[in-house]
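In this note's numbering, the protein residues as written are 921 to 1216.
Reading through the structure tokens given below for one structure.
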């Protein structure tokens, strides 16, 4: 059986996937989903990693997923759909990024009036993309659209480029998620022309936007515990997904581990020490940005 070695890279960190299969098809599929979730990701044209991070026996009849925490190798068996593969690749890459001091915020980010502002997804809030759009309407420039990679000095090193997810590969479909642009036309008559920053810089401010058409406006500056709590969730929950089941009806493997959680906690404490984080609850993104104007 042929072994196909593929490597994927962002921010100088690589993931190696060894695929053992007779098939000549592209079993990983269109990369739109994982590139939306992880800024700067591209497939490398060479191989550098001495050992695989993922080994996939794609032709076996039974589907199975197992993770070896000692060797840090993810073993896959059977015809998993591309969406499952990409979610697993995302978790493994986020783990390697964090081991190398780079943290993938589930967020959007803009440079607005000279300030690098991160719109962060915390535990329960919604509105990071709508807030991004309103900031661009007011003259801001995009840093990242769904994924913002930040180093231990709180400097942005990468950001994703698609404002909306362009394609959901098999295994990522969700009936409880509305179409990507569904919310746009409730708040905007038209989309602005996208403008991008020419270079990345250090974060200045984090906003947790929470948009619901029924909300009264509420603004609060978070204390240290709440800053750490929301940031830890942002960097953990949607990547390592201990609560999640793959579409192939297998539980998501436990890829996170104690030493990495402690390292992440140390970074989260630095974020809380150095940056203000505000929760802004409002009925639309226009009010979110009005309140940010008062803060900056």
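Yeah, the Cβ is synthetic: ideal placement off N, Cα and C, and Gly gets one too.
If contact is defined by three or more beta carbon pairs under 8 Å, each pair taking one atom from either stretch, is the stretch 1100 to 1118 in contact with the stretch 1045 to 1062? Counting Cβ pairs under 8 Å, three or more are found: they touch.
Pull up the DSSP beta-bridge partners for residue 986, would you. Position 66 of the chain shown holds residue 986. For residue 986, DSSP records a beta bridge to 995.
What's the gap between the Cα of residue 1071 and the Cα of residue 1018? Numbered from 1 along the chain shown, position 151 holds the residue referred to as residue 1071. Numbered from 1 along the chain shown, position 98 holds the residue referred to as residue 1018. When only Cα atoms are considered, residue 1071 and residue 1018 end up about 9 Å apart.
Would you kindly report the start and end of the unbroken beta strand (DSSP E) that includes residue 947? Here residue 947 refers to the residue found at position 27 when the chain shown is read from its first residue. No beta strand (DSSP E) contains residue 947, which DSSP labels as neither H nor E.
So, residue 1002 versus residue 949, is the Cβ gap smaller than 8 Å? Taking the first residue of the chain shown as 1, we reach residue 1002 at position 82. Taking the first residue of the chain shown as 1, we reach residue 949 at position 29. Yes; because the gap between Cβ atoms is below 8 Å, this pair is in contact.
Would you report the Cα separation of residue 938 and residue 1034, rounded to the nearest angstrom? On the chain shown, residue 938 is found 18 positions in, with the first residue counted as 1. On the chain shown, residue 1034 is found 114 positions in, with the first residue counted as 1. Between residue 938 and residue 1034, the C-alpha separation is close to 44 Å.
Do residue 1024 and residue 1117 have their beta-carbon atoms positioned less than 8 Å apart in this structure? Residue numbering aside, residue 1117 sits at position 197 when the chain shown is read from its first letter. Residue numbering aside, residue 1024 sits at position 104 when the chain shown is read from its first letter. The answer is no: Cβ separation not under 8 Å.
Where does residue 1003 fall in DSSP's three states? Reading the chain shown from its first residue, position 83 is the one you call residue 1003. Correct three-state label for residue 1003: helix.
Which same chain residues end up closer than 7 Å to residue 1174 when comparing Cβ atoms and leaving out the 5 residues on each side of it in sequence? Residue 1174 sits at position 254 when you count from the first residue of the chain shown. Here residue 1174 has 987 and 1162 as same chain residues with Cβ atoms under 7 Å from its own Cβ, once five neighbours each way along the sequence are excluded.
Along the chain, where does the beta strand (DSSP E) that runs through residue 1023 open and close? Along the chain shown, one-based indexing puts residue 1023 at 103. It spans 1022 to 1032 - the beta strand (DSSP E) in which residue 1023 sits, taken as one unbroken run.
On a CA-only basis, which of 941, 1016, 1213 and 925 is nearest residue 998? Give me that one, please. Counting from 1 along the chain shown, the entry for residue 998 is found at position 78. Comparing Cα positions, the closest option is 941.
Please report the straight-line C-alpha distance between residue 1288 and residue 1050, rounded to a whole angstrom. Residue 1288 lies beyond the residue range present for the chain, which begins at 921 and ends at 1216; the question has no answer from this structure.
So which of 1166, 1066 and 931 has the shortest CA-CA distance to residue 962? The sequence position of residue 962 within the chain shown is 42, counting from 1. Nearest Cα to residue 962 within the set 1166, 1066 and 931: 931.
Just to confirm, are residue 974 and residue 1037 a CB contact at a threshold of 8 Å? Locating residue 974 in the chain shown gives position 54, counting from the first residue. Locating residue 1037 in the chain shown gives position 117, counting from the first residue. In this structure, residue 1037 does not lie closer than 8 Å to residue 974 by Cβ.
Delimiting residues of the beta strand (DSSP E) encompassing residue 1137: As a position in the chain shown, residue 1137 is number 217, starting the count at 1. Element bounds for residue 1137: n/a, residue is neither H nor E.
Spatial neighbours of residue 1167 within its chain, please: C-beta separation below 7 Å, excluding the five flanking residues on both sides. Position 247 of the chain shown, counting from 1, holds the residue named residue 1167. Closer than 7 Å at Cβ, skipping near neighbours: 1001, 1003, 1004 and 1091.
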